[in-house]
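In this note's numbering, the protein residues as written are 6 to 480.
Right, here's the structure in full:
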């Protein structure tokens, strides 16, 4: 149900299913899609920079003679930067704007790509990975928020899902880049030098992101929060047309009428407290169901089934391809079926596939069974928790609290990623492959129950209508 009384021409049914190009009457789809695609390049950098480690970690483990614990640390050290970036980017973007802070993330990506490629020792490498992680943390929080603040309600879900398409595209691209670099010379060259090329390749998309951001407008909701209503109205008019823009600006200003700055003490407000609890738990569940264990360590997992390095890289590319393909399922159906239905469907598939992966390792019947089950898991994640976590946490928070609350939720998301990537090698070394994947399956079952009981449906509602829903349900 969407309530747009007075916003659309008489007889217009805003509850209909949207096609990919459906927009509110008099809207300018060009500016919306351009802003979405540019912000999604931040997602591409997110995926590219986080997944580059999957191709490099095996060679780095030999080069630096890493233990299981140190392997986990090298793979996950960037996540400390992600936590810091996510923690502070919300407040910073409230002060200087969404676009400028997104540009900062691009600069951090660039610095990290150069530094990790030429690092003279492991600890300098770790330092530059943490710097890159700060860029990832910023992009992971601000890109979907920027899209949510630009997008019309009827297609907001699919536009935010395009951010996830950027992430998985970045992952797929770096899988190809890693495989290409690994095939340039022999194993000894990869161990000594090849992995540096993998990290250095990130310079090109990083610089591209910064340049593209110069071509898109600032968030109209941020401009309204700064009392720059003329600029906000101009952008909203380009998106929705003048009549709708004026009413939307009035709605935004109504939600901002309390002029006292948002602080963490305001979390006690029922509409913020409940939304924040749901956002944090959804963010954590999206990661502790094991997705980054597979994304970061995919070649090593496939090597454990007995295939060689070349086959492991090829199978890893298949993971990336499936990830991209099934993200389109979420983009196609999120505004038609709704967030909750897709989440429940996807988490069910993830649970089944995790059980099969564990069973295959337990019965020593790995072969292609592990590959098929992992591809099924990736497909289920890509159509549900992958994109829809960002959709939901970009929608559920009140306008005044959105930047800070999203920072908190994204902070917990990256803390969960750090926990998974740091512990995965240790779990594999201590309890084995089968029980590790069964542990993730148990968490996925708990996540299903949480989504079923607690996640609200937000499709078709404006951000301000979602905020009012929390207020109505505060008791």
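For glycine and all other residues, C-beta sits at the position ideal for the given N, C-alpha and C. None of these values were measured; they are calculated from a predicted model.
DSSP places residue 183 within a helical segment (H, G or I) once states are collapsed to three.
Our two residues, residue 144 and residue 170, have alpha carbons roughly 14 Å apart in a direct line. For residue 366, same chain residues with a beta-carbon under 6 Å away, outside a window of 5 residues either side, are 438, 439 in chain order. Residue 426 is a Cβ neighbour of residue 298, given a cutoff of 8 Å. Shown here, residue 407 sits in a helix according to DSSP, grouped into three states.
Taking the Cβ atoms as the reference, residue 355 lies roughly 5 Å from residue 449, within the contact range of under 8 Å.
For the 8 Å CB-CB criterion, residue 175 and residue 53 form a contact. If you keep only unbroken alpha helix (DSSP H) runs of at least 4 residues inside the stretch 108-192, you get 127-155, 161-187. Annotation for residue 391: the continuous alpha helix (DSSP H) segment containing it runs 390-400. Ranking 37, 197, 411 by CA distance to the CA of residue 285 puts 411 first. Residue nearest to residue 337 within the set 209, 167, 433, 458 is 167 (criterion: CA-CA distance). Assigned with DSSP and collapsed to three states, residue 201 falls in helix. Rounded to whole angstroms, the separation of the alpha carbons of residue 57 and residue 376 is 20 Å.
Per DSSP, the continuous alpha helix (DSSP H) segment holding residue 225 begins and ends at 225-230. Of all alpha-carbon atoms in 63, 325, 385, the one lying nearest the alpha-carbon of residue 334 is that of 385. Secondary structure at residue 221: coil, using DSSP grouped into helix, strand and coil.
Sequence-distant partners of residue 180 (beyond 5 residues in either direction) whose C-beta falls short of 6 Å from its own C-beta, in its chain, are 321, 322, 325.
Taken in chain order, the complete alpha helix (DSSP H) segments of 4 or more residues contained in the stretch 416-454 number zero; there are none.
Put simply, the backbone Cα of residue 241 is about 43 Å away from that of residue 202. A straight line joining the alpha-carbon of residue 218 with that of residue 110 spans about 11 Å. Here residue 226 is actually not in contact with residue 238; their C-beta atoms are around 12 Å apart, not less than 8 Å. The beta carbon of residue 348 sits closer than 6 Å to the beta carbons of 389, 393, 456 from its chain, once the five residues preceding and following it are set aside; these are given in chain order. Between residue 142 and residue 419, the gap from beta carbon to beta carbon is short of 8 Å. Three or more Cβ pairs closer than 8 Å define a contact, and the stretch 67-84 meets that threshold against the stretch 118-137. With distances taken between CA atoms, residue 93 lies nearest to 147 out of 282, 222, 147, 121.
Residue 43 is positioned such that its CB atom lies no closer than 8 Å to that of residue 82. Between residue 154 and residue 256 the beta-carbon gap is near 13 Å, outside 8 Å, which marks them as no contact. Cβ atoms of residue 362 and residue 442 come within 8 Å of each other, at about 5 Å. Going by DSSP, residue 466 is part of no alpha helix (DSSP H) at all; its letter is neither H nor E. When secondary structure is reduced to three states using DSSP, residue 97 falls in the helix class. Here residue 76 carries a helix assignment [DSSP, helix/strand/coil]. Taking 8 Å as the cut-off, the beta carbon of residue 399 is found closer than this to the beta carbon of residue 150. By the neighbour-count criterion, in which a residue is buried when 16 or more other Cβ atoms sit within 10 angstroms of its Cβ, residue 45 is buried.
Distances from the CA of residue 432 to each of 77, 195, 379 were compared; the closest alpha carbon is that of 77.
Pairwise C-beta distances place the stretch 207-214 in contact with the stretch 114-121, as three or more of them are shorter than 8 Å.
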